[in-house]
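Presented below is the structure to which this report refers.
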Amino acid sequence: MASRKILVCCGTGCLANNSFDIYTRFLEKLKDTNTEVIPEIKATGCNGLCEKGPVVKILPDEISYFKVKAKDVDEIVSKTILKGEIIDRLLYFDTNSKKKIVSHKDASFYKHQHKIALRNIGEIDPKNIEDYKERNGFEALRKVLFEMTPDEVITEVEKSGLRGRGGAGFPTGSKWRTCSKYDNYPKYVVCNGDEGDPGAFMDRSIMEGDPNTVIEGMIICGYAINSNRGFLYIRDEYQLARENMQTAINNARKHGFLGKNILGSGFDFDLEIVRGGGAFVCGESSALMASIEGNVGEPRAKYIRSVEKGLWDKPTVLNNVETWANIPPIILNGAQWFKQIGTEKNSGTKVFSLVGKVKNTGLVEIPMGTTLRELVFDIGGGIIKDRPFKAAQTGGPSGGCIPAEYLDISLDFDNLSRIGSMMGSGGVIVMDDTTCMVELARYYMEFLSEESCGKCTTCREGINTMLNILNRITLGQGREEDIDLLISLSETIKDASLCGLGKTAPNPVMTTLKYFRDEYMEHIVDKRCPAGVCKNLTSYSIDPDTCIGCSACARKCPVNAIEGELKKPHVIHKDKCIKCGTCFTVCPSGAVKIGGGLIESYNK
Amino acid sequence: MTIDTIDINTIIHNYRPEKRFTLAILQDIQNKFNFIPKEAIFIISDYLKVPASDIYSMATFYKALSLKPKGRHIIKVCNGTACHIRGSNTLINELTDLLNIKPGETTADGLFSVEIVNCLGACALAPVMVVDDKYFGAMTKDKVIEVINEYKEAVENGK
Ligand SMILES: Cc1cc2nc3c(=O)[nH]c(=O)nc-3n(C[C@H](O)[C@H](O)[C@H](O)COP(=O)(O)O)c2cc1C
Ligand code: SF4
Ligand code: FES
Numbered sequence: 001m002a003s004r005k006i007l008v009c010c011g012t013g014c015l016a017n018n019s020f021d022i023y024t025r026f027l028e029k030l031k032d033t034n035t036e037v038i039p040e041i042k043a044t045g046c047n048g049l050c051e052k053g054p055v056v057k058i059l060p061d062e063i064s065y066f067k068v069k070a071k072d073v074d075e076i077v078s079k080t081i082l083k084g085e086i087i088d089r090l091l092y093f094d095t096n097s098k099k100k101i102v103s104h105k106d107a108s109f110y111k112h113q114h115k116i117a118l119r120n121i122g123e124i125d126p127k128n129i130e131d132y133k134e135r136n137g138f139e140a141l142r143k144v145l146f147e148m149t150p151d152e153v154i155t156e157v158e159k160s161g162l163r164g165r166g167g168a169g170f171p172t173g174s175k176w177r178t179c180s181k182y183d184n185y186p187k188y189v190v191c192n193g194d195e196g197d198p199g200a201f202m203d204r205s206i207m208e209g210d211p212n213t214v215i216e217g218m219i220i221c222g223y224a225i226n227s228n229r230g231f232l233y234i235r236d237e238y239q240l241a242r243e244n245m246q247t248a249i250n251n252a253r254k255h256g257f258l259g260k261n262i263l264g265s266g267f268d269f270d271l272e273i274v275r276g277g278g279a280f281v282c283g284e285s286s287a288l289m290a291s292i293e294g295n296v297g298e299p300r301a302k303y304i305r306s307v308e309k310g311l312w313d314k315p316t317v318l319n320n321v322e323t324w325a326n327i328p329p330i331i332l333n334g335a336q337w338f339k340q341i342g343t344e345k346n347s348g349t350k351v352f353s354l355v356g357k358v359k360n361t362g363l364v365e366i367p368m369g370t371t372l373r374e375l376v377f378d379i380g381g382g383i384i385k386d387r388p389f390k391a392a393q394t395g396g397p398s399g400g401c402i403p404a405e406y407l408d409i410s411l412d413f414d415n416l417s418r419i420g421s422m423m424g425s426g427g428v429i430v431m432d433d434t435t436c437m438v439e440l441a442r443y444y445m446e447f448l449s450e451e452s453c454g455k456c457t458t459c460r461e462g463i464n465t466m467l468n469i470l471n472r473i474t475l476g477q478g479r480e481e482d483i484d485l486l487i488s489l490s491e492t493i494k495d496a497s498l499c500g501l502g503k504t505a506p507n508p509v510m511t512t513l514k515y516f517r518d519e520y521m522e523h524i525v526d527k528r529c530p531a532g533v534c535k536n537l538t539s540y541s542i543d544p545d546t547c548i549g550c551s552a553c554a555r556k557c558p559v560n561a562i563e564g565e566l567k568k569p570h571v572i573h574k575d576k577c578i579k580c581g582t583c584f585t586v587c588p589s590g591a592v593k594i595g596g597g598l599i600e601s602y603n604k
Numbered sequence: 001m002t003i004d005t006i007d008i009n010t011i012i013h014n015y016r017p018e019k020r021f022t023l024a025i026l027q028d029i030q031n032k033f034n035f036i037p038k039e040a041i042f043i044i045s046d047y048l049k050v051p052a053s054d055i056y057s058m059a060t061f062y063k064a065l066s067l068k069p070k071g072r073h074i075i076k077v078c079n080g081t082a083c084h085i086r087g088s089n090t091l092i093n094e095l096t097d098l099l100n101i102k103p104g105e106t107t108a109d110g111l112f113s114v115e116i117v118n119c120l121g122a123c124a125l126a127p128v129m130v131v132d133d134k135y136f137g138a139m140t141k142d143k144v145i146e147v148i149n150e151y152k153e154a155v156e157n158g159k
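Each protein sequence line maps, in turn, to chains P and D. Using this note's numbering, read the first sequence as starting at 1 and increasing by one per residue. Using this note's numbering, read the second sequence as starting at 1 and increasing by one per residue.
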């Protein structure tokens, strides 16, 4: 049998559930266990299915355990490692096939995935450069340095059709091409690791779980555009990503992949990490560069292109983390290989973070063109408690919501823009009928009003005005003319703001208005929030015919507003009720109704 | 609180006097003191030959920096979209009640600061709360009480 490996997931999600204790427990336990071959234990990056973590994988047996605790380690060693027995209780239960699954690869969450950017994550120890090298790491770099001219490298990237994964989907090859033409030195290569879109965490996972691929991608670009220096701008909150990235940079230097005369080729390149300051707008390319220079991160006008005048006014290529992660496999396997994945104008894969009211939350990498339905239902396992799918938000605060009628849309840059949303970084937030679309729009406006850098009046004041209007609608003080007001403000903000933040800010309002106008009208005219989210527009009552008198609600109500004898219908005293919704959540028979029974409660 | 200018000087001398290190220096100072003392702004300004007003505008622009002292433990509640739609508001309300402070404030005993942040990058565990560097996933009202009590007890027992 090939040598055994135990992979313990130590991505942020699993670490939050104490996976490091599992890792150390394995180390201790195996030290004093008598086996012929002591398995190798590795702390890996994120496996994607964070909600079911911590994840432990045993190779080559292909046994995957989920929700493992440190106290399970002894049993895993004595049963699985020593005797080859499978521990049923720790297996993954696949909600689609209703079966327990031994290898995670058979789970519907993983089966539909195609991993390119995430190819190594969860399989290697990110801090060990040898692990990366074993999986063809730095082979692409070797290939470009010794077998390709810079021009050939750029042509290969162009032919692959790779489009930037950070939001706008700009063709990566043509960005490199333009930059390569300027003879103004020094030039710079920048990695955008600011990942500000709330609900997206693929860049974090890549930087934590496979930092070397980002480094390799950046060196290749340096060679292609003739730059010797790169910067990685990493979000303030991402401490582990910074640590792993720094370790990887140090190791790469030691192994001669970074520094002077890389692998004896005569080419020099080095990298430095810059820690972000915690401002969403710094994810915008020109603001990010201002921030690296030591200034306040305010965007500048777009007619100055950063490929010509970027960092310190020198030609600069800036790409997103996931974009960088795609470069080494494209070089190694060739543009043709990449092009045949995905669709005609959107080649390759995209990593999505599937979150919200979906059963399997986590990171998934799928070919471009996969439908939203496949993503939410086949991979995501459907909606929590099998409630109805209401909408999905893509593109974060710059994007829009996609209603159920578009579930069969194939996900790529162009289709998403066509229906008023955008790809953005790939965050997909799934919503069910208990999400209020007006409140969601309000939420995004609040986010954006805090994050606007304040340079443009339309963005600074306009978003704030929209927020005030939405606040009053959710409080029950909306007026019918508010809808027109929102639309006209949206148009002005879009037209007159400088950077992408302002230009796209109205999208969440525009799309919710387009697809859920009735819900706005219910708030404004009927003073009712059908999702039961806006507290001023919600009331709870108990349907006496459905109530079984179990008293669960009365026990849980924080203000004792519910009364009733056991086994008899209970009543909510509206004057005491603080509308926290606890009764709605705990009722086992679905007897608690929202706002006069507009939404039926589900009894699962 | 007295500010040790020796500490400030030690921190800034970890960096070469180049403007691009302004943010990094400010962040190190924030980590050391839990805020940016006024003295630091002038010392940095002298060292980097950057006007104090520029340093001040950086200190107010970036969320990682604060001009007011923060508590010993910093509680960050995620209100990113994934957490928001899974009920992060409940956590925020519970903390407000429990500690008697509003988000952005620090308790009178200087023990806790509460901040609302946008996405901590652990969305699959929503709703998420972070105390200092420790992540807590799938939070509920009850778990908030538990976590706060744990930290309070640790402090009472001398760390
Ligand atoms: C307000 C705003 C925030 C942005 N945030 C990010 C971000 O967090 N990460 C990112 O890669 N791109 C972000 N972008 C897009 C970048 O400006 C830029 O287009 C992208 O990083 C280019 O890399 P790519 O071509 O590889 O996608 C943001 C844009 C705007 C307008
Ligand atoms: S659009 Fe908004 S965020 Fe962008 S530069 Fe103008 S004010 Fe700043
Ligand atoms: S939205 Fe809360 S961690 Fe991402």
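Backbone N, C-alpha and C fix where the C-beta goes; we use that ideal spot for every residue, glycine too.
query, result
"Find out if the Cβ-Cβ distance for the pair D/A122, P/F201 is shorter than 8 Å.", "yes"
"May I have the straight-line CA-CA distance separating D/T60 from P/E237, to the nearest angstrom?", "18 Å"
"Return the chain-ordered list of same chain residues with a C-beta closer than 8 Å to the C-beta of D/K141, the five sequence neighbours on each side being excluded.", "T90, L91, E94"
"For D/D109 and D/L98, I'd like the C-alpha separation in whole angstroms.", "14 Å"
"Any beta carbon from chain P within less than 8 Å of D/P85's own beta carbon?", "Checking the displayed sequence, the identity of residue 85 of chain D turns out to be Ile instead of Pro. Cβ-Cβ to chain P under 8 Å: yes for D/I85."
"How would you list, in chain order, the residues of chain D whose beta-carbon sits under 9 Å from the beta-carbon of P/S449?", "Within 9 Å Cβ-Cβ: nothing; P/S449 doesn't reach chain D, min ~12 Å."
"Any Cβ of chain D within less than 8 Å of the Cβ of P/E322?", "no"
"Once DSSP output is grouped into helix, strand and coil, what is the label at P/F608?", "Residue 608 of chain P lies beyond the range of chain P shown here (1 to 604); nothing can be said about it."
"Determine, using beta-carbon pairs with one atom in the segment 504-523 of chain P and one in the segment 564-575 of chain P, whether at least three such pairs fall under 8 Å.", "no"
"From the DSSP output, in three-state form, read off P/K98 for me.", "coil"
"Under 7 Å, CB to CB, which of the residues in the segment 477-489 of chain P have a partner in chain D?", "none"
"Whole angstroms is fine: what's the gap from P/N326's alpha carbon to P/A335's?", "11 Å"
"Flag D/K177 as yes if its beta-carbon sits less than 8 Å from any beta-carbon of chain P, otherwise no.", "The first residue shown for chain D is 1 and the last is 159, placing residue 177 of chain D beyond what the model contains."
"What's the gap between the Cα of P/H570 and the Cα of P/R528?", "24 Å"
"Check whether chain P comes within 8 Å of D/M58, counting only Cβ atoms and requiring the distance to be less than that.", "yes"
"Does the segment 39-48 of chain D touch the segment 77-86 of chain D, meaning 3 or more C-beta pairs lie closer than 8 Å?", "no"
"Against P/V355, what residues of chain D qualify as contacts under a CB-to-CB distance less than 7 Å, listed in chain order?", "A82, C123, A124, A126"
"Could you tell me how far apart the beta carbons of P/C453 and P/V281 are, in whole angstroms, since I believe they sit closer than 8 Å?", "5 Å"
"Figure out for me which residue from P/V525, P/S398, P/C436, P/V351 has the closest Cα to the Cα of P/A117.", "P/V351"
"Sort P/K99, P/K105, P/A224, P/Y185 by Cα distance to P/E152 and report the nearest one.", "P/A224"
"Among the residues of its own chain, which have a CB less than 8 Å from the CB of P/S539, if the five just before and after it don't count?", "K574, C577, K579, I594, G595, G596"
"Label P/M521 either buried or exposed according to how many other C-beta atoms from any shown protein chain fall within 10 Å of its C-beta, with 16 as the threshold for buried.", "exposed"
"Shorter than 8 Å from the beta carbon of P/G380 to some beta carbon of chain D?", "no"
"Could you check whether the Cβ of P/V55 sits closer than 7 Å to any heavy atom belonging to ligand 3?", "no"
"Could you please tell me which residues of the segment 263-289 of chain P, in chain order, have their CB closer than 9 Å to any CB of chain D?", "V274, R275, G276, G277, G278, A279, F280, C282"
"Between the alpha carbons of P/P329 and P/R442, how many angstroms are there, rounded?", "41 Å"
"Identify whether P/Q393 lies in helix, strand or coil by the three-state DSSP scheme.", "strand"
"Can P/V509 be considered in contact with ligand 2, in the sense that its beta carbon sits closer than 7 Å to one or more heavy atoms?", "no"
"Using a 10 Å radius around the Cβ and a threshold of 16 neighbouring Cβ atoms, would you call D/P17 buried or exposed?", "exposed"
"Helix or strand or just coil, what does DSSP make of P/E243?", "helix"
"Could you check the C-alpha separation between D/L26 and D/S66 for me, to the nearest Å?", "10 Å"
"Taking P/Y185 as the reference, give the member of P/I493, P/Y92, P/T316 with the closest Cα.", "P/T316"
"Where do the ends of the beta strand (DSSP E) carrying P/T546 lie?", "Unbroken run through P/T546: none, as it is neither H nor E."
"Assuming the contact rule is C-beta atoms closer than 8 Å, P/M445 and P/M466 should be a hit. Round their C-beta distance to whole Å, please.", "5 Å"
"Taking the alpha-carbon of P/G462 as reference, which of P/L489, P/V533, P/V8, P/D74 has the nearest alpha-carbon?", "P/L489"
"Can you find the residues in the same chain that come closer than 7 Å, C-beta to C-beta, to D/I8, ignoring five residues on each side of it along the sequence?", "I29, E39, A40, I43"
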